[in-house]
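Here the structure is laid out as structure tokens; the discussion comes afterwards.
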Amino acid sequence: MPDAVLRYGDKELTLPVHTGTHGDAAIDISKLRAELGLVTLDSGLGNTAEGEGSISFIDGEAGLLSYRGYPIEQLAEHASFLEVAYLLQYGELPTPTELEAYEESVRRHTLIREDMKHLFEAFPHNAHPMQILASAVSALATYYPDALNPLDEEAVDISARRLIAKTPTMVAWSYKYRVSQPYIYPDNTHDYASNFLKMMFSVPAEEYTPDPVVAKALNLLLVLHADHGQNCSSSAVRLVGSSHSNIFSSVAAGIHALAGPLHGGANQAVLEMLEDLHQNGTSVETAVKRAKDKNDPFRLMGFGHRVYKNFDPRARILKKQADEVLDALGIDDPLLDLARELEEVALNDDYFVERKLYPNVDFYSGIIYRAIGFPADMFTVLFAIGRLPGWISQFRELLADPATRIFRPRQLYVGPATRDYVPLDQR
Ligand code: ACO
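Quick note on my numbering: the sequence shown kicks off at 709 and runs consecutively.
Below you can see the structure in the form of structure tokens.
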């Protein structure tokens, strides 16, 4: 790609253009301030590539997503979550021996320290699961002080395995505390998804066999959420990691970022919106009309995306999967019909067409989580379990890159000009 040239006043600066695998071009503006005294303004960082990356690729115009080059549709159909976790972190699909060894090492770390029970018990019963999860992930760092150095690859690797192994246990135990049921210990004879289902939904008094249909659906959901470029939470992880904070603190920051309703928190918000429409008998036409009204704060949750200006490929897979799971479980959920109707009306409405607003991953995921039996306020926690390998891979990529510097963006100051302090008694 030819360089770009920027003319400002009587100066001219040549800016190198970097090209990505798929021909995307990025102007390197790192010399801009030093040479021309300028910084860039980019609200929401929508036009800023923080660096180069090779973990996942999104073509928002075409509605494509791939992990390390593998299309999401193929991984969704064939791969297990731990296989994807391996692929994202180490860059290649594991061989059978590598996968077996990786699964075995994750299995060995599923237990959490018994003392951690007190952490869950310190929260009110109605605490939001995302707040608890962020605290628990942060607390994990205190149990492993010898494996916190972000520049020690071996330490990061063991911490990454611990995070992936222990998070489902922490999530399930915080849920058990909330519903006043005994904690269920991990059963390492199960696969990742089935083990989590057992810790969540079994009780010691009864036999429990995880339903393979449900385990398969959960595995798929985890795979679909595993990474997604430089989104808000991955950027939070990278930002915190750039100061050489440890991986637990960095991932905890990602969890907090994910919790917001404009990001991962949307899956809970979608379900609440559908429930609300259903309970109040609000027509989808009224909902769409409200979403278009700029004086009304109501938005169609689960619609729109900063990058996708075409169908989110994950939503396409989940729409089909929602049907299959509900059928297999014999559930007839009126919210699924409502979601389909809402999508149909919105996609034929000029407002949504012009703005290229399509359903995103959160639009159908909640309906499947609900069919499995998860309460709505746990939906974003499930997203977080899925996103762990992505956050970890982003952290590892950043720390392994010698070009990484602490993130320190500029800001254009538009506040008061310099003025003198006025003593309190003279104000
Ligand atoms: N309902 C109604 N209008 C919408 C919606 C929506 N869900 N989403 C965007 N718009 C409108 C905006 O009002 C704006 O209209 P305007 O140009 O007339 O002002 C236009 O579409 C562009 O929207 P922005 O908010 O500027 O787009 P941005 O890229 O900043 O935000 C976001 C993207 C946050 C996802 C937004 O579409 C949204 O709020 N969606 C609902 C929440 C949601 O589903 N979030 C999950 C995202 S996926 C994820 O994080 C996993």
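C-beta atoms are modelled at their ideal positions from N, C-alpha and C, and glycine is treated no differently.
- The three-state reading of DSSP puts residue 766 in strand, counting E and B together.
- Under the DSSP assignment, residue 730 falls outside any beta strand (DSSP E); it carries neither an H nor an E label.
- By the Cβ neighbour-count rule, residue 951 is exposed, with fewer than 16 other Cβ atoms within 10 Å of its own.
- DSSP, read as helix, strand or coil, puts residue 979 in helix.
- Residue 722 is bridged by DSSP to 713.
- For residue 950, the secondary structure class from DSSP, reduced to helix, strand or coil, is coil.
- For the options 939, 732, 1121, 904, the alpha carbon positioned closest to that of residue 966 is the one of 939.
- In this structure, residue 741 lies near residue 1118, with their beta-carbon atoms less than 9 Å apart.
- Where residue 827 is concerned, the enclosing alpha helix (DSSP H) starts and stops at 824 to 829.
- Pairwise C-beta distances place the segment 880 to 891 in contact with the segment 835 to 849, as three or more of them are shorter than 8 Å.
- In this chain, residue 1016 is not harboured by any alpha helix (DSSP H), its DSSP state being neither H nor E.
- The residues 928, 931, 932, 1025, in chain order, have a CB closer than 7 Å to that of residue 784 in the same chain once the five nearest residues on each side in sequence are set aside.
- Contact check for residue 954 against residue 1077 fails: the beta carbons are separated by 9 Å or more.
- Under the three-pair Cβ rule at 8 Å, the segment 757 to 774 does not count as touching the segment 1048 to 1059.
- Cα atoms of residue 766 and residue 1102: separation of roughly 15 Å, rounded to the nearest angstrom.
- Taking C-beta atoms under 8 Å as the contact rule, residue 736 and residue 724 qualify, at a distance of about 5 Å.
- At a cut-off of 8 Å, the beta-carbon of residue 1005 does not count as near ligand 1: no heavy atom of the ligand is closer than that.
- Looking only at 924, 1047, 1034, 1041, the smallest Cα-Cα distance to residue 1009 is reached by 1047.
- Just so you know, the alpha carbons of residue 1031 and residue 1115 end up roughly 44 Å apart.
- Taking the CA atoms as reference points, residue 797 sits about 7 Å from residue 1100.
- In the three-state reduction of the DSSP assignment, residue 859 falls in the coil class.
- Going by C-alpha positions, residue 816 is about 12 Å away from residue 900.
- Shortest gap from the CB of residue 834 to any heavy atom of ligand 1: 8 Å or more.
- For ligand 1, no non-hydrogen atom lies closer than 8 Å to the CB of residue 1028.
- The three-state reading of DSSP puts residue 738 in coil, since its state is none of H, G, I, E or B.
- At least one heavy atom of ligand 1 is found less than 8 Å from the C-beta of residue 1012.
- Residue 1132 and residue 957 have their alpha carbons spaced roughly 41 Å apart.
- In the DSSP assignment, residue 1046 falls within the alpha helix (DSSP H) that extends over 1042 to 1055.
- Distances from the CA of residue 727 to each of 721, 720, 712, 716 were compared; the closest alpha carbon is that of 712.
- Residues of the same chain with a CB within less than 6 Å of the CB of residue 1065, apart from the 5 flanking positions on each side, are 1011, 1012 in chain order.
- For residue 1070, the CB falls within less than 8 Å of some heavy atom of ligand 1.
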